[in-house]
Each structure stands twice: as structure tokens, then as C-alpha cells.
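Protein chains in written order, with my numbering: chain A, 1 to 490; chain B, 1 to 443; chain C, 1 to 265.
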Amino acid sequence: MPIVWLVLIVLAIAAVGYVLGRTRALQSATGDVRALHSLPSYYGANVALKTIVPAFGLMILWLLVQPLYVNSQVSEMISGSAIEDGASLNLVMAEVRRTAYGLDNAVAAGQIPEELARNARADVIDMTQRLKDAGQVVTSDITQPVLRAAQTYRIMNATGYSIMAVAVILTALAGAAVSWFQTRAEYRARNVVEQGVRILLLAAASIAILTTVGIVLSLVFNTWEFFKLYPATDFFFGTTWAPSFSGRGGSSELGIIPLLWGTFYISLVALLVAVPIGLFAAIYLSEYASPRVRAVAKPLLEILAGIPTIVYGLFALLTVGPLLLGLFGDDGLGWMKAGTAVMTAGLVMGIMLIPFVSSLSDDIINAVPQAMRDGSYGLGATQSETIRQVVLPAALPGIVGAILLAASRAIGETMIVVLGAGAAARLSLNPFEAMTTVTAKIVSQLTGDADFASPEALVAFALGMTLFTLTLGLNIFALYIVRKYREQYE
Amino acid sequence: MTDASMQSPETGHRSVSLTVADAHTKKRANAEKRFRAYGIVAIATGLFFLIVLFASILSQGIPAFQRTVVSVDFTLSAAQRDEAESTLFKTKAYSNLFIAQLSKELEDQGISVDFDEAAIERLLGKIGGTIRTYYADNPGKLGDPVKFDLAASSRVDGYFKGRVSRDTLQDSRFLQLSDLDLVDALKQAGIIKQAFNWPFITGADSGVDNPGGAGIGASVIGSFFMMLVVLGLSLPIGVAASIYLEEFAPQNRFTDLIEVNISNLAAVPSIVFGILGLAVFIQFMHLPQSAPLVGGLVLTLMTLPTIIISTRASLKAVPPSIRDAALGVGASKMQAVFHHVLPLAAPGILTGTIIGLAQALGETAPLLLIGMVGFVARGYPDGFLAGFTEPNSAMPAQIYTWAARADVGFYEKAWGGIIILLMFLLTMNIIAIILRRRFERRW
Amino acid sequence: MNDMTRVERTVNSKDIKINAKKVQVYYGDTHAIKDVSVEIEDKTVTAFIGPSGCGKSTFLRCLNRMNDTIDICRVEGDILLDGEDIYDKRVDPVQLRAKVGMVFQKPNPFPKSIYDNVAYGPRIHGLAKNKAELDEIVEKSLRRGAIWDEVKDRLDAPGTGLSGGQQQRLCIARAVATEPEVLLMDEPCSALDPIATAQVEELIDELRSRYSVVIVTHSMQQAARVSQKTAFFHLGNLVEFGETGQIFTNPVDPRTESYITGRIG
Chain A
1 MPIVWLVLIV LAIAAVGYVL GRTRALQSAT GDVRALHSLP SYYGANVALK
51 TIVPAFGLMI LWLLVQPLYV NSQVSEMISG SAIEDGASLN LVMAEVRRTA
101 YGLDNAVAAG QIPEELARNA RADVIDMTQR LKDAGQVVTS DITQPVLRAA
151 QTYRIMNATG YSIMAVAVIL TALAGAAVSW FQTRAEYRAR NVVEQGVRIL
201 LLAAASIAIL TTVGIVLSLV FNTWEFFKLY PATDFFFGTT WAPSFSGRGG
251 SSELGIIPLL WGTFYISLVA LLVAVPIGLF AAIYLSEYAS PRVRAVAKPL
301 LEILAGIPTI VYGLFALLTV GPLLLGLFGD DGLGWMKAGT AVMTAGLVMG
351 IMLIPFVSSL SDDIINAVPQ AMRDGSYGLG ATQSETIRQV VLPAALPGIV
401 GAILLAASRA IGETMIVVLG AGAAARLSLN PFEAMTTVTA KIVSQLTGDA
451 DFASPEALVA FALGMTLFTL TLGLNIFALY IVRKYREQYE
Chain B
1 MTDASMQSPE TGHRSVSLTV ADAHTKKRAN AEKRFRAYGI VAIATGLFFL
51 IVLFASILSQ GIPAFQRTVV SVDFTLSAAQ RDEAESTLFK TKAYSNLFIA
101 QLSKELEDQG ISVDFDEAAI ERLLGKIGGT IRTYYADNPG KLGDPVKFDL
151 AASSRVDGYF KGRVSRDTLQ DSRFLQLSDL DLVDALKQAG IIKQAFNWPF
201 ITGADSGVDN PGGAGIGASV IGSFFMMLVV LGLSLPIGVA ASIYLEEFAP
251 QNRFTDLIEV NISNLAAVPS IVFGILGLAV FIQFMHLPQS APLVGGLVLT
301 LMTLPTIIIS TRASLKAVPP SIRDAALGVG ASKMQAVFHH VLPLAAPGIL
351 TGTIIGLAQA LGETAPLLLI GMVGFVARGY PDGFLAGFTE PNSAMPAQIY
401 TWAARADVGF YEKAWGGIII LLMFLLTMNI IAIILRRRFE RRW
Chain C
1 MNDMTRVERT VNSKDIKINA KKVQVYYGDT HAIKDVSVEI EDKTVTAFIG
51 PSGCGKSTFL RCLNRMNDTI DICRVEGDIL LDGEDIYDKR VDPVQLRAKV
101 GMVFQKPNPF PKSIYDNVAY GPRIHGLAKN KAELDEIVEK SLRRGAIWDE
151 VKDRLDAPGT GLSGGQQQRL CIARAVATEP EVLLMDEPCS ALDPIATAQV
201 EELIDELRSR YSVVIVTHSM QQAARVSQKT AFFHLGNLVE FGETGQIFTN
251 PVDPRTESYI TGRIG
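Structure, rendered in C-alpha cells:
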């Protein structure tokens with residue numbers, strides 16, 4: 001773990017710098033703390049900060065850029081002839097990396113000497129055999145160019161990391177030295193440190209933006225790749241979902257419509273369960289329940305929200321599915337063929353969403369001013385009349401927002417549908433049939449054996465893009481409605 | 001206003017006395033009762049689902065904590081060992097010795113039952129190898145009586161737990177009807193019995209055809225390392241981001257952009273974070289697949305919005321007068337925040353962080369995409385640092401793996417795993433509640 | 001007995017509408033109203049005055065059982081409306097509140113149209129047989145609320161869009177739409193500007209011809225302007241109750257005098 005060592009070395013330099021900076025500040029004030037502009041610890045922190053931040057910044061940047069650089073350099077090495085028909089550059093590069101890692105591991109385990117691993121004239125067949133003997137996963141066909149590329153890849157990476165280590169340590173030392181020389185009694189160490197800390201805080205806050213950018217970029221790039229291999233119109237308007245299993249054939253039909261239909265159908269069933277129960281529970285808890293009942297029932301209902309979705313998934317697969325099959329299956333009404341179905345997943349998802357709907361609605365109902373209720377009671381309205389005709393209409397926008405948020409949750413839910421809804425993409429109206437959703441197919445397309453460069457795997461990113469756009473739109477709309485509603489009563 | 005035509009029409013239906021309810025009022029009172037009943041029914045339904053959920057978890061998960069073991073006192077002399085080692089099929093020689101010992105114990109109790117080596121293998125697996133390894137590792141035990149607790153196969157376990165019965169059993173290479181006679185005989189002799197399933201809690205995952213040997217221990221370790229990453233990254237970053245937004249951020253577009261991003265990230269489906277992890281950490285940065293480090297990074301990004309939102313609420317709850325007081329004695333804004341506001345908000349931040357961690361601990365979908373599912377966690381990591389980078393599973397991923405396997409024997413393990421997962425979550429939530437109760441401050 | 005009261009009312013227009021005897025109110029452990037007895041006459045404006053926190057609003061809210069909505073509030077003693085105990089178990093507060101309407105401190109129109117605001121009470125009590133009758137009630141009530149001319153062209157506009165004074169008159173119109181016998185007003189002008197206050201005060205004086213009006217106010221001038229009877233509350237006690245003129249010119253109790261002259265309050 002050289003990076004761990006590097007980090008520790010930089011931290012050590014910073015620690016020494018802290019002590020030296022503090023001492024120098026005190027010396028320059030001839031030991032009188034009052035003569036300093038800032039507290040002595042700020043002078044130390046100034047040195048430490050200027051040691052750590054540039055060094056780590058450089059390190060992170062290097063770690064991000066080096067793989068890109070090495071990849072592009074090595075890709076250039078592989079001439080077009082080395083790429084087999086039907087295989088892409090990506091595939092060959094994956095092979096190169098796998099070989100390079102194999103060599104690394106084998107060297108680390110002492111099974112291949114370092115000189116041989118670097119030897120540019122090493123025999124391919126011999127090397128493949130040695131790697132296999134070392135227990136490394138290598139495909140049978142490492143070709144000469146691939147092996148050479150892998151060797152270059154290793155060497156470039158190793159050299160890169162060595163240079164990085166040196167550069168980072170030098171940067172740390174330079175930062176420490178410069179800030180140490182700056183240290184004088186009248187130096188405004190506190191202001192500088194505080195400014196530095198402020199920038200760090202800003203950087204932490206910006207991670208949210210980076211995450212969004214990361215999500216969007218990884219979705220957009222891969223979706224773009226997908227649309228190069230598969231026409232976008234067929235994806236958006238195709239009514240058949242039938243990926244081929246071979247992974248390379250062009251015979252896959254990847255239409256999103258059946259998946260969207262499954263997603264909406266299951267979400268609809270879930271909302272039909274969750275909204276009435278959640279809403280009435282919220283009404284009862286906020287308007288009728290005595291404080292004691294509320295103190296017990298509310299947390300109990302909210303337990304449902306704290307249970308991980310994998311538990312609901314298992315509950316759907318092993319409890320609710322068989323139960324529904326007993327009622328509606330061949331022994332009962334004969335509508336259901338298997339335990340996994342729209343109904344199963346929808347019902348369980350509805351249970352999961354009950355506390356979500358109820359606590360959001362509870363907040364919203366409580367935000368309706370008491371004066372509104374008093375006005376109604378003062379006219380002789382009963383409680384239910386007040387709720388139905390005054391409170392609920394007043395809270396309606398907020399409740400609609402809450403339902404939209406719940407819908408976005410339902411659309412993005414994965415584990416319940418993976419386990420409870422079945423795998424068949426189908427355009428059907430029968431809620432007792434198995435259907436599948438966008439999320440379930442993202443999982444199955446990316447966890448299978450399909451190659452990452454094939455349309456069968458890349459389609460997952462297009463599905464992810466659709467899902468992201470859909471939920472984001474719903475969320476923004478819902479939050480907008482809720483905010484408008486809040487403003488109304490502030 | 002005194003217009004005579006505007007005299008109120010005689011409201012005939014309204015009763016004169018307050019104590020007598022008229023028909024209209026009665027109707028309204030009934031509507032009131034109905035409406036109230038809907039509320040009660042809704043809550044009762046919710047609670048009913050909760051009870052069904054927990055009942056099915058407990059009823060199906062508790063058997064996972066029991067296993068069926070055959071315990072036999074076995075003594076192997078050095079001479080017997082040498083003799084066995086000299087044969088061609090060494091493990092067979094050991095199992096023959098074991099079978100002889102077993103027959104003797106049955107005879108001592110006056111129980112007679114016919115069985116052969118194949119039956120023993122169906123019941124207990126290849127015991128010869130187990131015994132041989134034991135004595136190879138502990139040569140000092142030669143000649144002393146040793147108590148062997150051998151796990152019965154999953155079908156036998158199922159027979160004990162009612163999953164397999166004589167009526168439903170079909171002869172297969174795993175178990176035959178005649179074997180059950182032997183099981184009954186061993187039960188009568190007190191040799192086969194139920195015991196607490198420690199290997200389930202401490203052990204690692206097993207192969208797809210051995211549900212009995214599967215344990216959740218290794219994936220607990222995987223989850224632990226993931227949570228270390230999440231805690232180590234999301235707490236400092238989350239607190240720093242919240243302090244910036246709550247205390248320092250100017251009112252400008254960039255701040256708005258950050259705020260919008262945070263509130264939207266909080267509602268992005270978790271699977272999308274999995275896609276992010278796959279594309280950025282694995283495809284782009286080439287970090288190792290199935291590593292707790294990658295899982296931790298993905299879950300960090302997912303948990304950050306939750307932690308930032310709760311941290312900001314705790315910071316907001318500290319009254320401005322505290323800040324004013326600190327600024328009033330000449331502290332800088334930064335000192336006011338770090339010396340006064342942050343310590344006062346700490347319990348709230350901690351509570352929010354624990355709840356965020358609990359959420360991350362139970363999250364499965366993103367782990368599916370970065371390869372933590374499908375990886376068979378057969379052992380513990382080699383060391384502390386290796387714990388972050390070596391492929392491992394995590395609790396929810398392990399549960400999913402079991403649920404997706406064909407052998408029904410794994411379902412019991414999946415439910416058992418859920419009980420353990422829920423116990424962790426319960427503990428974390430209780431800690432959060434205690435923290436909140438203990439340090440909650442009303443200003 | 002019911003017949004008796006009705007006969008009496010026709011004979012004497014100034015008969016007793018509400019008779020409160022030895023009323024005690026507790027908020028949890030706090031004794032908020034101590035032993036208050038008061039007789040409120042029909043077709044009269046009665047003002048409750050006193051410093052803030054003296055219990056005048058609390059007592060007002062007892063008169064139509066609005067305190068029922070507060071869990072920790074407990075009322076003892078008798079309050080008789082036309083001779084019937086309103087805290088009797090058989091009394092449905094819903095029916096009571098239809099007879100004893102209430103207007104609140106802050107104008108609280110429902111987030112509905114002006115028309116629906118006024119029609120709300122008649123609808124829930126089933127006072128109108130058809131749409132035409134309901135229209136008639138709404139118009140009549142808005143006229144009584146002295147706001148008809150201002151809103152007759154925009155009955156479908158939301159009630160929350162009106163100005164403060166208009167909103168309060170709308171709330172009064174809403175209250176009179178259910179044909180109450182008593183109208184309780186809890187500082188109805190405290191959120192209004194002087195012009196709107198004057199309009200509402202004028203309206204209160206007109207309402208006296210038809211209803212018994214009880215108004216809580218912290219403004220002594222307002223009490224003097226609109227009421228015929230005044231009750232002075234202090235620290236949960238009813239200190240003095242009598243003709244408004246007498247209370248303001250010749251108070252009996254020294255505490256009343258101190259309050260009126262501005263020494264306490």
C-alpha cells in the first residue's frame with residue numbers, strides 16, 4: 001500500500017511543520033504570546049495546512065489523470081490489426097489490464113521474477129502458462145501485442161506512481177518551507193488559516209455538485225455509446241424487450257416500453273395501497289389521536305420506513321408471493337401463475353411507502369394553521385367536516401407533492417421488484433402476471449456475464465438515464481409544489 | 001339592514017333544545033364516527049403489516065440459529081492413525097473407524113439399525129477428511145477421547161426443522177428415505193441433536209450446494225469495513241459542507257446550486273448511485289471490484305445528503321444568540337462556529353450520522369452493481385488494510401445472494417441473516433434515540 | 001321549560017341569554033378562571049375587558065365549548081344557554097356552536113372562494129334546501145356583514161385575497177350565515193387598521209338588533225364605544241360587571257379604577 005505510506009509521510013511532515021511553525025512564531029515574538037498577531041497554534045496550523053493541502057491536491061489529481069494518460073498511451077500501442085474482428089478497443093484494453101494485474105499479483109506472490117515480468121522479449125505462451133500456474137485469471141488468448149501492452153502498462157504505472165510519490169513529498173516539503181519562512185510575529189496567521197479552512201468547507205459542499213456531475217457524465221457517456229450501437233428510436237419506442245444472451249449478437253430487442261409499463265403498473269399498485277392507508281393514518285394521528293396513542297403508533301409505523309428494502313424483497317418473494325398464490329393461484333381463483341407478480345411487488349412496496357406517505361402528510365396537515373380549524377369549529381362543523389372541507393383542501397397541494405415524492409420512490413425502488421416482480425418484460429393489464437421494471441433490468445443487465453462494451457450491458461445506462469430523468473423531474477416538481485405550499489402559510 | 005324581507009326563514013328542522021339531537025345532527029355524528037373509523041382501520045392495517053412482517057422474519061429466521069449436529073466421542077490411537085495413513089484411500093479408512101465407533105455407541109444403547117458408509121456420507125458429508133485434518137493439526141490429541149460435533153447435512157437439518165418430511169422426501173443422492181431411519185435411531189440414542197448455530201454467526205459463505213455450512217460472519221466484516229469508510233468520509237465531509245452552507249455561504253447562485261443538488265441527490269434512487277460507482281470507481285478509476293472500499297465510497301455519496309440535511313438542522317437549532325455572544329467577545333466567525341456552535345450541535349449531528357449509517361448498512365441495490373453480490377465470501381480478510389481492498393460481501397448483499405440461490409435451504413439462512421442485520425440496525429437506532437434523549441436541548 | 005323560555009323571550013327582549021354560575025377553568029394545574037358568574041343579556045353587546053392573560057378570552061371560549069379542542073383544559077360550574085346546561089353530556093357541541101357563533105382575533109377565511117366561505121356553515125348544517133335558497137342566505141349574510149357591496153362582483157374570488165378588514169367582515173358574515181343566537185368575538189379588531197376597525201365596530205352595533213354579542217377587547221375605548229354591558233377580568237377573577245357607562249365613569253372596585261386610569265394592565 002504505497003499510497004498509505006505516502007499519506008502518512010505527508011502527515012508526518014505536516015506534524016513536524018506544525019511544531020516548527022509554532023516555535024518560530026514564539027521565537028520571533030521573543031516568547032511573549034501577546035506580541036503575536038494570532039495565537040501560536042494558528043502559526044503551526046498555517047504551516048500544516050500549507051503542507052497538506054497542496055500535496056494531497058496534487059496526489060488526488062495525479063491519481064485521476066494518470067490512468068487516463070496511461071490508457072491513452074497504451075491504446076496507441078495497439079495497432080488496429082491487433083484488434084480482432086467484432087472486438088472493440090475497449091475489450092482489448094480490458095484484456096491488457098487484466099494481464100497487467102495478473103503480472104502484478106504474480107510478482108507480488110513471488111511466482112514470476114520482476115525481470116521476467118518486465119522483459120519485453122518474454123515468450124507469450126510461456127508467460128501465459130506461468131500466469132495460469134500462479135493462479136491468475138487469464139484468458140487463453142493473450143497475444144503478443146496484448147502482452148507487450150500489458151508490460152508497458154505496468155511499467156508506466158509503476159514509474160508514474162514513483163514520480164508521484166516524489167512530487168507529492170517535494171510539494172509537501174516546499175509548502176512547509178515556504179510557510180515556515182513566512183512565519184513572523186506580525187504575520188496574520190489566523191486570517192490565513194481561516195480563509196484556508198473556509199475554502200476547504202466550500203470544497204466539501206461542492207462534493208454534492210461533483211456527485212451530480214459524476215452521475216450525469218457516467219450516464220450520458222455510456223448512453224451515448226449505447227445509442228451508437230443501438231438506434232435510440234428503437235430503444236424509446238420498441239415494445240419488445242428481448243436481450244440476447246450470447247452477449248455479442250445483434251439480435252437483441254431492447255425496447256423500454258414494456259419496462260416502463262411494468263414500472264408504472266407496480267408503482268400504481270403501490271400507491272393505491274400506500275396513499276389511502278398513509279393518508280388516513282396521518283389524519284387520524286394528527287387530528288384525532290390522543291398524545292399517548294400518537295406517541296406509540298407513529299414510531300411503530302415509522303419502523304416500516306427503517307427496514308431495509310432487501311427485507312421487503314425477501315418478504316415479497318417468500319411470504320407475500322406464496323400467500324397471494326394460495327388465494328389467487330390455481331388452488332384459489334386461478335388468476336395467478338407464480339408468486340412473483342405485479343401484485344406481489346406492488347403490495348409490498350405499498351407497505352414500505354405507508355410511513356413515507358403518512359409522515360409527510362402528517363407534517364403537511366400539521367402545517368395548516370389552527371386558526372383555520374377554529375374557524376370551522378366555531379361555525380359548528382364536526383371534526384370530520386373540518387378535516388374534509390377545510391384542512392384537506394388547504395393541505396391538498398402539499399399532499400399531492402408528498403404523493404409525487406412517494407411515486408418517485410416507487411419508480412426508483414429496486415430490491416422489491418428484483419425479488420418480487422419476476423423477470424419477464426410484458427405489456428399486460430393483468431396485475432397477477434409477472435412483469436419487470438427499469439430498475440430490475442438495470443441490475444440484471446449489469447450483473448450478468450455480458451461484456452461492458454456490448455449493447456446488452458450498455459442499455460443499462462440508457463435505462464439509468466431514463467430513470468434518473470424521470471425521478472429527478474418528479475422530485476423537482478414535487479419539491480416545488482411543497483415549497484409553494486409552505487410559503488402560503490408562513 | 002332592517003329590511004323586513006331579510007328576516008330569517010324559519011329554520012324548522014333545528015331542534016329547540018340543545019340536549020335533543022335532530023336527525024340532521026345524528027346523521028352528521030354518524031359520518032363523524034365513520035370517518036374516525038377509517039383512520040383507525042388505516043393505522044390498524046399498517047400495524048398489521050408490521051406484525052406480519054416481523055412474524056414471518058422471526059418464524060422463518062430463528063431456525064437458522066439452530067443446527068443439527070452429530071456428536072460422537074471418538075478416540076484414535078497412534079497405531080490406528082499409522083494404519084489408516086498406510087492405506088490407499090486414507091480418508092475412507094478414517095470414516096470406517098468413525099462408523100465403527102458410531103455403531104458401537106448405538107449397540108451400547110441397544111438400538112439396532114442398518115447403515116452403510118454412503119448413508120453416513122449423505123448425512124454428514126465426507127467425515128473422513130474432517131477427522132484426518134483434525135489429527136494432522138492436533139497430533140497431541142492422539143489416544144485421548146475427542147468429542148466431534150459434526151454438522152448434519154441440510155436435508156437432515158430440514159427433517160429436524162420440519163422442512164423435510166417422510167411424505168415429501170424423494171430419494172436422491174442427497175438423502176434417501178432409509179436414511180431417516182438412521183436419523184431417528186441416532187436421535188433416540190441422543191447422538192444427533194439440535195445446537196446453537198455458532199458457525200452461522202461467525203462463519204463464511206459456502207458453496208451453492210451446501211446451505212448448512214453458510215455463515216454470515218465474513219459479510220459482517222465486509223459491512224464493517226464499508227461502514228468505516230462511510231463514517232470516515234461522510235462525517236467530516238458532511239459536517240464541513242453543512243457548516244459552510246449554514247454559517248458561511250453567501251446568498252448567491254453557486255450556493256443555490258449546491259442546495260438544489262443536495263436536495264435532489266437525497267431523492268435519487270439508490271441504484272443510480274450504483275451506476276455511478278460502477279462507471280466512475282470501477283470502469284474509470286479501476287478500483288478493485290467487490291471491495292468494501294468501493295462499496296463504502298458509493299454509500300458515502302449516497303448518505304452524504306442525509307447527513308448534510310440532519311447536520312444543518314442541528315446547526316440551525318443552535319440559537320443565534322450563542323453566535324452573537326461569541327462574536328461579542330471578539331471571536332472570529334470561524335472561532336464562534338468551531339468553539340461554540342459545533343459542540344452544541346454535536347449530539348444532533350451524531351444522531352443524524354448514526355441514522356445515516358444505519359440506512360447505508362441496509363442498502364443493497366448499489367452493491368449489486370459494484371460486484372458485491374455474486375462474490376462468494378469464503379473467508380475473512382487477511383489484515384486491516386486488506387479488509388478495505390480485498391473482495392468481500394456485505395450483509396444485505398449476502399442475504400440477496402442466498403435468496404437468489406436455488407436451494408431452499410438458503411432461504412432459512414437469508415431470513416436468519418435478516419435477523420442479524422435488523423439487530424445491528426436496532427442497536428444503532430437505539431443508540432441514536434438514547435443520544436437524542438440524553439443530550440436534547442430545548443432553547 | 002323550553003316553552004317557558006320562549007314565551008318569556010317574546011315578552012321581554014332583554015331577557016338573560018347566557019347564565020354562567022361559578023365557572024372554574026383549569027389548564028392542567030393552572031387555575032385560569034376562578035369562580036366567575038355572569039349573566040349575558042339578549043340583544044345586547046357585552047364587552048369583556050382586562051389586562052392580557054386575565055382569562056377573558058378563555059372564558060369567552062367556554063361559552064361555545066371551543067375549549068373542548070384543548071386536551072388539558074377542564075371546565076367546572078354551570079353555563080346555561082336559554083336555561084340549558086351547555087356542558088350537559090347529551091349536548092352535541094356541534095349543535096351548540098351553530099347557536100353560539102364565533103369570530104376570531106385574526107381573520108381566518110378558509111382557502112376557498114368568498115361564496116364558499118359563507119356557504120360553508122349553511123351547507124354543513126343543512127340550512128338550505130336548494131341552490132337558490134343558499135344564494136339567498138349568502139347574500140343576506142354578506143349584507144349583514146356589511147361587505148356585500150364590496151364583493152358582490154367577485155364571489156368566486158378566494159377569500160384569502162381580501163384586505164384584512166374585509167376578511168374580518170367576511171368572517172363575521174360567515175358566522176351569521178348559520179343563524180346563531182349569540183355571537184362571540186375574540187378581539188375582532190386587534191389585527192385591523194383604524195379604518196377597518198371603525199367599519200367592524202359599526203357592524204357590531206348593527207348586529208345588536210338581532211343577536212346577543214359578546215366581545216373581548218383589550219381596548220377600553222372600543223368597549224366604551226360598542227358595548228352596553230362591561231365585565232372587567234383580572235387574574236382570572238371577574239372583578240366587576242355592570243352597565244358600561246357606570247363601569248367607565250364610576251367603578252366600584254379599586255382594581256377596575258386602576259385599570260381604567262392606566263395604572264395596571
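By construction, the Cβ of each residue, glycine as well, lies at the ideal position given by its N, Cα and C atoms.
Residue pairing from DSSP places Ser71(B) in a beta bridge opposite Asp149(B). In this structure, DSSP gives Trp261(A) a helical state, which the three-state scheme calls helix. At a cut-off of 9 Å, the C-beta of Ile125(A) has no neighbouring C-beta in chain B. Around the C-beta of Pro320(B), fewer than 16 other C-beta atoms lie within 10 Å, and the residue is accordingly described as exposed. Within chain B, no C-beta atom comes nearer than 7 Å to that of Gly77(C); the closest sits roughly 17 Å away. Using a CB distance below 8 Å, the part of the stretch 27 to 57 of chain B facing chain C consists of Arg28 and Ala29, ordered along the chain. By the C-beta criterion, the stretch 257 to 273 of chain A is judged to be in contact with the stretch 409 to 419 of chain A, since at least 3 inter-stretch pairs fall below 8 Å. Between Ile127(B) and Asn392(B), the gap from beta carbon to beta carbon reaches 9 Å or more. Between Thr178(C) and Leu142(C), the C-beta gap is not smaller than 9 Å, which leaves the two residues out of contact. When 8 Å is used as the limit between beta carbons, Ser165(B) is near no residue of chain A, the shortest such separation being about 18 Å. Annotated as distal: Val146(B) and Thr87(B), with beta-carbon spacing of 9 Å or more. Taken through DSSP and simplified to helix, strand or coil, Gly464(A) comes out as helix. In the displayed model, Phe48(C) falls within a strand according to three-state DSSP. In this structure the stretch 279 to 286 of chain B does not touch the stretch 251 to 262 of chain B; the number of beta carbon pairs closer than 8 Å is below three.
Identification of chain B residues near Ile86(C) by a Cβ-Cβ cut-off of 8 Å yields Leu18, ordered along the chain. Approximately 4 Å separates the beta-carbon atoms of Gly175(A) and Lys50(A); this is inside 8 Å, confirming the contact. In this structure Ile99(B) touches Glu117(B) by the C-beta definition: roughly 6 Å separates them, less than 8 Å. With its beta carbon less than 9 Å from one in chain A, Ala403(B) belongs to the interface. In the DSSP assignment, Tyr27(C) falls within the beta strand (DSSP E) that extends over Ile16 to Tyr27. By a beta-carbon distance limit of 8 Å, Gly416(B) contacts Phe200(B). Their separation comes to about 6 Å. Residue Phe375(B) holds the alpha-carbon nearest to the alpha-carbon of Ala404(B) among Thr300(B), Leu385(B), Phe375(B) and Gly217(B). Nearest to Val357(A) by C-alpha distance, out of Ser290(A), Leu379(A), Asp331(A) and Ala281(A), is Ala281(A). Considering only Val124(A), Asp126(A), Arg22(A) and Ala158(A), the residue with the shortest C-alpha distance to Ser179(A) is Arg22(A). Within the same chain, Cβ atoms closer than 7 Å to the Cβ of Ile13(A) are found at Thr51, Ala172, Leu173 and Ala176, the five residues on either side in sequence being excluded. Taking C-beta atoms as the reference points, Arg163(B) and Gly409(B) count as a pair closer than 9 Å. Comparing C-alpha distances from Leu379(A) to each of His31(C), Leu81(C) and Arg123(C) shows the shortest one belongs to Arg123(C). The continuous beta strand (DSSP E) containing Leu183(C) extends over residues Val182 to Asp186. Between Ala205(A) and Ala249(B), the gap from beta carbon to beta carbon is short of 9 Å. Take Pro322(A), set aside five residues on each side of it, and the residues of its chain with a beta-carbon closer than 7 Å to its own are Gly339, in chain order.
About 2 Å separates the beta carbon of Gly203(B) from that of Gly215(B), a gap short enough to meet the 8 Å contact definition. Straight-line spacing of the CA atoms in Gly274(B) and Arg436(B) works out to 32 Å. Take Ala185(A), set aside five residues on each side of it, and the residues of its chain with a beta-carbon closer than 8 Å to its own are Ala25, Ser28, Ala29, Ala35, Leu36 and His37, in chain order. In the DSSP secondary-structure assignment, Arg74(C) is bridged to Tyr26(C). A Cβ of chain B is located within less than 9 Å of the beta carbon of Gly126(C).
In this structure, the straight-line span from the alpha carbon of Gly379(B) to that of Trp335(A) is close to 46 Å. In the three-state scheme derived from DSSP, where H, G and I count as helix and E and B as strand, Ala240(B) is classed as helix.
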